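Since the structure comes first, as structure tokens, the remarks are kept for the end.
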Amino acid sequence: MKLLDPRKSLPVPPVTPPGPKPAWLRVPSPAGMEVLKLRTLFRKAGLHTVCEEAHCPNIGECFGKGTATFMILGNLCTRACPFCDVEHGKPLPPDPEEPSRLAGTVALMGLSYVVVTSVDRDDLPEGGATQFTRVIRSLRTQCPDVRIEILVPDFRGCMGPALEILGQTPPDLFNHNIETVPRLYRSVRPGADYRHSLELLSSYHAKHPGIPMKSGIMLGLGEQDEEVLSVLRDLRQAGCSMVTIGQYLPPSRDHMPLVRYVSPDEFSRWKQVGLSLGYDSVASGPLVRSSYHAEEAAPLPANRRKDERLS
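Numbering-wise (the numbering used here), the sequence shown opens with residue 83 and increments by one.
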């Protein structure tokens, strides 16, 4: 298949007011015994998932398959990004028992791959990085064969200390979402900074070049193709080898308004653009989210790849 030349100008798609949700975005209701089973398990363990807190459209599929993305440090975020449905407010102090409970739940679920994210914790001097390391240590102890992906916040105001702490217990994959193009940051991510997020990614890559790095962006907020292309180039230069591209869907009328629905064909085109830029993995589609089918996209560790070649 011929890949697109990223140096060539891309046409700007027409911006049309969004109408009814198109067929490709309609998903089954999150019902069924497996979904109920996981909801009950998480409630008993006192754990939160971004699947539930952010009202992810894929919750029925993921819970139905027995997977989830865990959200640590509570369910109250110190920021109120207008695209996100996670509640904001004054969070509680980090729970010292949370890492052990999470690892025990992962063991009970029999997961071979786990994604751990968190709310923003601007109230903590290290942004919550310490809790990430505690979770990773607990997972390594209770589930020694599990692969771990962490999806971290931007640690704005404490990047240096946070990266030093995270360096103590590296994950198998490091993820931080860029979310949107620089022009839209003030309205989409008012508490964040585009250049800061890029610096976080490039700094982590410089310290841990052997750990695969991933980021993600939403489409449908009014971005132009040239802006998206520029972001993909920036992420690649920062060291990301994986990227996710998905459709923004406002959780309610009170959230950031949707500008347009992006067609599956456009998402397919972006996948080809990403591959032409040198990404190893590009997950691009209307329902793609940062941790959607994360295990399938993540590369195997070098030692595990070697073992599999010998078997």
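Cβ coordinates follow ideal geometry from the N, Cα and C atoms, glycine included. As the structure is a prediction and not an experimental result, all values here were calculated from the model.
Inter-residue CB distance, residue i and residue j (contact presumed, cutoff 8 angstroms)
i: P253; j: I218; result: 6 angstroms
i: L251; j: D202; result: In the sequence as presented, Leu is not what sits at residue 251; that position holds Thr. Not really, about 21 angstroms apart at Cβ, beyond 8 angstroms.
i: A380; j: R229; result: 7 angstroms
i: E169; j: L158; result: 6 angstroms
i: Q329; j: V344; result: 6 angstroms
i: F237; j: Y286; result: Contact flag wrong, Cβ pair sits at about 10 angstroms.
i: Q213; j: A189; result: Incorrect: roughly 19 angstroms between the Cβ atoms, too far for contact.
Buried versus exposed call for residue i [16 or more other C-beta atoms within 10 Å across all chains shown]
i: E308; result: exposed
i: S350; result: exposed
i: E378; result: exposed
i: L184; result: buried
i: A211; result: buried
i: L245; result: buried
i: G209; result: buried
i: K172; result: exposed
i: P368; result: buried
i: M115; result: exposed
i: E179; result: exposed
i: S366; result: buried
i: R216; result: buried
i: P139; result: buried
i: A376; result: buried
i: D347; result: exposed
i: P181; result: buried
i: T98; result: Because the pLDDT at T98 is just 48, under 50, the model does not fix this residue reliably, and the value given afterwards should be weighed accordingly. Looking at its Cβ environment, which holds fewer than 16 other Cβ atoms inside 10 Å, T98 is exposed.
i: Y374; result: buried
i: L282; result: buried
i: K289; result: exposed
i: K296; result: buried
i: L174; result: exposed
i: Y356; result: Inspection of the sequence shows that residue 356 is occupied by Gly rather than by Tyr. So G356 ends up on the buried side.
i: V94; result: Low confidence applies here, because V94 scores a pLDDT of 44, under 50, leaving its location unreliable; read the following figure in that light. V94 comes out exposed.
i: P291; result: exposed
Alpha-carbon spacing of residue i relative to residue j, whole angstroms
i: E401; j: V270; result: The structure shown does not extend to residue 401, since the chain spans only 83 to 393, so no value can be given for it.
i: D204; j: P176; result: 13 angstroms
i: A320; j: T122; result: 40 angstroms
i: F165; j: V370; result: 16 angstroms
i: P226; j: G101; result: 48 angstroms
i: W352; j: M241; result: 31 angstroms
i: S372; j: M191; result: 21 angstroms
i: S279; j: S323; result: 16 angstroms
i: A127; j: G249; result: 28 angstroms
i: G239; j: H258; result: 16 angstroms
i: T326; j: P294; result: 14 angstroms
i: P333; j: A162; result: 13 angstroms
i: G186; j: Q354; result: 40 angstroms
i: L118; j: R268; result: 38 angstroms
i: L331; j: L206; result: 30 angstroms
i: L107; j: L193; result: 28 angstroms
i: L120; j: C144; result: 10 angstroms
i: I232; j: R318; result: 19 angstroms
i: V109; j: K147; result: 15 angstroms
i: S284; j: I247; result: 16 angstroms
Beta-bridge pairing of residue i - partner residues as DSSP gives them
i: H130; result: M153
i: V234; result: Per DSSP, none; premise fails for V234.
i: E261; result: I299
i: S363; result: M324
i: S200; result: I154
i: C159; result: H170
i: Q329; result: L301
i: R108; result: For R108, which the question treats as bridged, DSSP gives no partner whatsoever.
i: F256; result: I232 and M295
i: Y195; result: R229
Proximity test, Cβ basis, 8 angstroms: residue i and chain D
i: M338; result: Reference to chain D is not applicable here, since this structure consists of a single protein chain.
**Q.** Cβ pair count under 8 angstroms reaching 3, the region 291–311 against the region 247–267
**A.** Counting Cβ pairs under 8 angstroms, three or more are found: they touch.
(Q) Quick check: the region 268–275 against the region 310–318, are at least 3 beta-carbon pairs closer than 8 angstroms? (A) Below 8 angstroms, too few C-beta pairs join the region 310–318 and the region 268–275 to call them touching: fewer than three.
Q. Taking three-plus beta-carbon pairs below 8 angstroms as touching, is the region 123–139 in contact with the region 347–361?
A. Contact between the region 123–139 and the region 347–361 is absent, because fewer than three Cβ pairs lie under 8 angstroms.
Q.
Under 8 angstroms: do the region 142–154 and the region 192–200 share three or more Cβ pairs, one atom per stretch?
A. Taking a cut-off of 8 angstroms for Cβ pairs, the region 142–154 and the region 192–200 touch, as three or more such pairs fall below it.
Q: Spell out a yes or no on whether the region 323–340 and the region 216–230 are touching, meaning 3 or more CB-CB pairs, one atom from each, closer than 8 angstroms.
A: Using a C-beta cut-off of 8 angstroms, the region 323–340 makes no contact with the region 216–230, since fewer than three inter-stretch Cβ pairs fall below that distance.
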